[in-house]
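Colleague: Be aware that the sequence shown starts at 22, since it is given in this note's numbering, and climbs by one per residue. Below you will find the structure I want to go over with you.
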Amino acid sequence: MTLPVTSAPSPAQPDLDPARDLLAVAGKKRFATVLADPPWRFVNRTGKMAPEHHRLSRYGTLSVEEICALPVAKVLADTAHLYLWVPNALLPEGLQVMQAWGFQYKTNLVWHKLRKDGGSDGRGVGFYFRNVTELILFGVRGKNARTLDPGRTQVNYLGTRKREHSRKPDEQYDLIEACSPGPYLEMFARGARPKWTVWGNQADDSYEPTWDTYAHNSATQRRVAAAE
């Protein structure tokens with residue numbers, strides 16, 4: 022089965038309308054769960070790019086206002102969950118986006134970036150502290166919006182090794198599918214996945230993890246191996 026994949030506009034593609042594109046991908050489908058990993062733009066109080074993020078400037082980014090303006094509420098089911106990736110330095114902006122999209126913040130999940138030996142991977146950026154974590158903000162909308170039964174025992178933690186720039190751990194999908202109902206929408210997606218509608222300028226329906234040791238280094242696979 023071929024999953025729908027489309028291109029979300031970047032600053033290099035000003036002729037494309039991201040709002041119209043998102044609505045076109047959704048069609049008449051209304052999603053009960055949304056996963057989003059926006060390309061956040063880091064700026065300091067002077068309005069300039071934060072120095073610690075200059076090396077990331079080659080990647081297309083969006084302002085908070087541009088992210089907030091996406092018509093996410095128009096593609097949602099009456100009751101829905103949101104999993105929103107946000108850097109530690111942009112927590113207030115993440116909450117702003119969540120509210121703009123029609124969700125109420127409830128809790129968060131923490132991704133701990135690990136080295137091969139299981140210690141913290143301290144190669145991340147940070148002005149005050151070296152970041153070894155990222156957050157997934159979890160929000161809900163509508164009535165009876167609790168997580169599914171597996172969510173009641175799921176800890177709010179993922180511990181895996183980093184991969185290429187900004188790639189998030191694949192373990193997130195199993196967690197989300199167990200704890201939240203479909204239909205599922207991933208925004209700013211890297212690759213296609215069964216049961217998911219994906220939208221993003223890096224989405225590729227031929228994507229597979231390219232790190233051949235990934236299965237041996239993720240927390241999930243280590244637990245499976247230990248059980249065997």
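Ideal Cβ positions, reconstructed from N, Cα and C, are used throughout, including at glycine.
1) Once the 5 residues before and after GLY163 are set aside, which same chain residues still bring their CB inside 8 angstroms of it?
2) State the beta-bridge partners of MET208 as determined by DSSP.
3) Does DSSP put ALA98 in a helix, in a strand, or in coil?
4) Measure the C-alpha to C-alpha separation of ALA90 and ALA121 and round it to an integer number of angstroms.
5) Please name the residue in VAL96, GLU86 and GLY81 whose C-alpha comes closest to that of GLU207.
6) Pull up the CB-CB distance for PRO204 and ALA45, whole angstroms please, since I reckon it's below 8 angstroms.
7) What did DSSP end up calling ASN152 once you bin it into helix, strand or coil?
8) Mind checking whether LEU105 and ALA40 have CB atoms under 9 angstroms apart?
9) Could you check where the alpha helix (DSSP H) with PRO193 kicks off and where it finishes?
10) Please work out which residues of its chain come closer than 8 angstroms, Cβ to Cβ, to ASN109, disregarding the five sequence neighbours upstream and downstream, and give them in chain order.
Modeller: On the basis of the coordinates in this document:
1) Locating residue 163 in the sequence shown gives position 142, counting from the first residue. Counting only residues of its own chain and dropping the five nearest sequence neighbours on each side, GLY163 has a CB closer than 8 angstroms to the CB of ALA98, ASP99, THR100 and ALA101.
2) One-based indexing of the sequence shown puts residue 208 at position 187. Looking at the DSSP assignment, MET208 forms a beta bridge with ALA57 and TRP220.
3) Residue mapping note: residue 98 aligns to position 77 of the sequence shown, counting from 1. Looking at ALA98 - three-state DSSP - the assignment turns out to be strand.
4) Along the sequence shown, read from residue 1 onward, the residue named residue 90 stands at position 69. Along the sequence shown, read from residue 1 onward, the residue named residue 121 stands at position 100. Between ALA90 and ALA121, the C-alpha separation is close to 8 angstroms.
5) Counting from one through the sequence shown, the residue named residue 207 turns up at place 186. Residue nearest to GLU207 within the set VAL96, GLU86 and GLY81 is VAL96 (criterion: CA-CA distance).
6) Position 183 of the sequence shown holds residue 204. Position 24 of the sequence shown holds residue 45. That pair is no contact at about 16 angstroms.
7) The sequence position of residue 152 within the sequence shown is 131, counting from 1. DSSP places ASN152 in coil when its eight states are reduced to three.
8) Looking up residue 105 in the sequence shown gives position 84. Looking up residue 40 in the sequence shown gives position 19. Contact: no.
9) Here residue 193 is taken as the residue at index 172 of the sequence shown, counted from 1. Checking the sequence, you will find Gln at residue 193 rather than Pro. Unbroken alpha helix (DSSP H) run through GLN193: 192-200.
10) On the sequence shown, residue 109 is found 88 positions in, with the first residue counted as 1. The residues are GLY147, ASN152, THR154, GLU155 and LEU156.
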